[in-house]
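The numbering used here puts the first residue of the sequence shown at -16, with every later residue one more than the last.
Structure, as structure tokens:
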Amino acid sequence: MKAIPKIFDKEKGQWIELMAKPIADEVVKIMKEDWLSNKKTIDYWLLSYKEQSMGEPVQIAIFTDGNEVDGTLKSDLEWMFNGYVSELQNKKLFNLQDFLNYCYSTKTELPKQFKVSATVNFDEVDEPVKLQEINSITTNPSVLGILDETSKGSIEVKYIYNDHPIEDKKLIKENK
-16 MKAIPKIFDK
-6 EKGQWIELMA
4 KPIADEVVKI
14 MKEDWLSNKK
24 TIDYWLLSYK
34 EQSMGEPVQI
44 AIFTDGNEVD
54 GTLKSDLEWM
64 FNGYVSELQN
74 KKLFNLQDFL
84 NYCYSTKTEL
94 PKQFKVSATV
104 NFDEVDEPVK
114 LQEINSITTN
124 PSVLGILDET
134 SKGSIEVKYI
144 YNDHPIEDKK
154 LIKENK
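Given below as structure tokens:
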């Protein structure tokens, strides 16, 4: 007797015979669903520092998995960011990694960091800017331009799972 394992597909309402590839696909699907189960739609914080004598502000964008709803974490981070940048001799030389190291050394809590994929569509440019894999804390000017609304267009930010951007729980922001 040959036993063939089967699984019930709720979406199709039918039993499916499992072979090696379908089993692997089903395992990946279950793992992805489990990974996403504690995530919310991607959200963002935009931290900005500007003095009257400065031309452009110093900014960082922080993408979150939606679980960092604690206003205290955000306000503490803003306070540290503003204090750090105000002490810089030349604000144009702001370095994100130096700031993150400063946060670690002062034991300032940071939101969980992860990789995201972002596609930025500027209204005045035909081709989108595709950022395949960036850190969730970034100073990328294309990203900042849309988030701070100094550029017209849109941004789509996706979680990366198993080295691929996924459609689930993505952030879409438009400035028209």
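The beta-carbon is built from N, C-alpha and C at its ideal position, and this holds for glycine as well.
These figures come from a predicted structure and were not determined experimentally.
- Taking C-alpha positions only, Gln115 is separated from Asn73 by approximately 31 Å.
- In the structure shown, Thr24 falls within a coil segment according to DSSP collapsed to helix, strand and coil.
- A contact is defined here as three or more CB-CB pairs under 8 Å, and the region 119 to 129 fails this definition with respect to the region 142 to 152.
- Within the same chain, Cβ atoms closer than 7 Å to the Cβ of Gly49 are found at Lys22, Lys23, Thr24, Ile25, Asp26, the five residues on either side in sequence being excluded.
- Residue pairing by DSSP puts Ile45 in a beta bridge opposite Trp28, Ile120.
- Of the residues Ser137, Val112, Phe77, the one whose Cα lies closest to the Cα of Met37 is Phe77.
- Counting along the chain, Thr102 sits inside the beta strand (DSSP E) bounded by residues 98 to 105.
- Contact fails between the region 11 to 21 and the region -12 to 2, because fewer than three Cβ pairs, one in each stretch, are under 8 Å apart.
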